[in-house]
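Worksheet: one structure, shown below.
Chains as they are written, first to last, in our numbering: chain Y, 1 to 174; chain B, 1 to 70.
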């Protein structure tokens, strides 16, 4: 019982960290609300390191994910004949303002977060970054799936690698 | 030389079409934010910004005011 309570307290801390970081990343990019891709970037920054290691297990660079998100947006627009200078537009955006008030997020982030919490509940482990990566890798469509495809990542391989990280943490904790 | 027109995505590829919509929305959101910041910097009122965007003053203020430097 004490272990479960300790795990839950740790999970709450991780969730708070993830949500705040995802919101900050979104704001830095000029987005109104964080989406699933921002939650993935936040997971990659978690100190447990499991999200980064899941990428590294399959030979992918975790730091390339953020760039892949931007590139796949640019590619989608180029495909219809819009070739714009995204860096120049970024330079015109206001400085990110401090977050406050009610937490707001895109539906893609809410769906990803729901999958993560369902997974954590069902496998009885502590929440780590690899949970976010595993759930994100199982998303079939959307910006996150397209960014992973853009990186040449087999999403099922990434999900398995994230699962191995989660299992490793679970074994260490028990 | 004439500029190439915008190409409509292949309607038989809904994944590509819908991804294009998401990328267009992202571009529109970023343009809206940069434009609103420039407008406020130039002394526009929120009523002016709202009128230019074709939305109510409340809608413009709610969406943009907390994200720009005033």
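Beta carbons are placed, not taken as given, at the ideal position from N, Cα and C, and that holds for glycine.
Where residue i falls, given that 16 or more other Cβ within 10 Å makes a residue buried
{"i": "residue 84 of chain Y", "result": "exposed"}
{"i": "residue 169 of chain Y", "result": "buried"}
{"i": "residue 120 of chain Y", "result": "buried"}
{"i": "residue 37 of chain B", "result": "buried"}
{"i": "residue 56 of chain B", "result": "exposed"}
{"i": "residue 97 of chain Y", "result": "exposed"}
{"i": "residue 35 of chain Y", "result": "buried"}
{"i": "residue 60 of chain B", "result": "buried"}
{"i": "residue 78 of chain Y", "result": "exposed"}
{"i": "residue 67 of chain B", "result": "buried"}
{"i": "residue 12 of chain Y", "result": "exposed"}
CB contact check: residue i to chain B, cutoff 9 Å
{"i": "residue 118 of chain Y", "result": "no"}
{"i": "residue 143 of chain Y", "result": "yes"}
{"i": "residue 100 of chain Y", "result": "yes"}
{"i": "residue 94 of chain Y", "result": "yes"}
{"i": "residue 153 of chain Y", "result": "no"}
{"i": "residue 41 of chain Y", "result": "no"}
{"i": "residue 87 of chain Y", "result": "no"}
{"i": "residue 30 of chain Y", "result": "yes"}
{"i": "residue 79 of chain Y", "result": "yes"}
{"i": "residue 105 of chain Y", "result": "no"}
Under 9 Å between C-beta atoms of residue i and residue j
{"i": "residue 48 of chain B", "j": "residue 39 of chain B", "result": "yes"}
{"i": "residue 166 of chain Y", "j": "residue 123 of chain Y", "result": "yes"}
{"i": "residue 163 of chain Y", "j": "residue 60 of chain Y", "result": "no"}
{"i": "residue 30 of chain Y", "j": "residue 29 of chain B", "result": "yes"}
{"i": "residue 147 of chain Y", "j": "residue 65 of chain Y", "result": "yes"}
{"i": "residue 39 of chain Y", "j": "residue 54 of chain Y", "result": "no"}
{"i": "residue 80 of chain Y", "j": "residue 20 of chain B", "result": "yes"}
{"i": "residue 93 of chain Y", "j": "residue 27 of chain B", "result": "no"}
{"i": "residue 65 of chain B", "j": "residue 46 of chain B", "result": "yes"}
{"i": "residue 48 of chain Y", "j": "residue 9 of chain Y", "result": "no"}
{"i": "residue 16 of chain Y", "j": "residue 26 of chain Y", "result": "no"}
{"i": "residue 22 of chain B", "j": "residue 67 of chain Y", "result": "no"}
{"i": "residue 63 of chain Y", "j": "residue 73 of chain Y", "result": "no"}
{"i": "residue 141 of chain Y", "j": "residue 18 of chain B", "result": "yes"}
{"i": "residue 18 of chain Y", "j": "residue 105 of chain Y", "result": "no"}
{"i": "residue 69 of chain B", "j": "residue 95 of chain Y", "result": "yes"}
CB contact below 9 Å: residue i versus chain Y
{"i": "residue 12 of chain B", "result": "no"}
{"i": "residue 42 of chain B", "result": "no"}
{"i": "residue 34 of chain B", "result": "yes"}
{"i": "residue 22 of chain B", "result": "yes"}
{"i": "residue 59 of chain B", "result": "no"}
{"i": "residue 31 of chain B", "result": "yes"}
{"i": "residue 53 of chain B", "result": "no"}
{"i": "residue 16 of chain B", "result": "yes"}
{"i": "residue 39 of chain B", "result": "no"}
Residue i beta carbon near the ligand SAM (any heavy atom closer than 8 Å)
{"i": "residue 35 of chain Y", "result": "Looking for the ligand SAM in the displayed structure turns up nothing, as the structure carries no ligands at all."}
Segment contact flag, the segment 33–52 of chain Y with the segment 120–133 of chain Y, C-beta cutoff 8 Å, min 3 pairs: Contact between the segment 33–52 of chain Y and the segment 120–133 of chain Y is established, with three or more Cβ pairs separated by less than 8 Å.
Given 8 Å, three or more beta-carbon pairs between the segment 6–13 of chain B and the segment 136–156 of chain Y: no
In chain order, each alpha helix (DSSP H) run of at least 4 residues that lies wholly inside the segment 88–161 of chain Y: 107–123, 129–137, 143–150
Completely contained alpha helix (DSSP H) runs for the segment 8–47 of chain Y, where each covers 4 or more residues: 36–44
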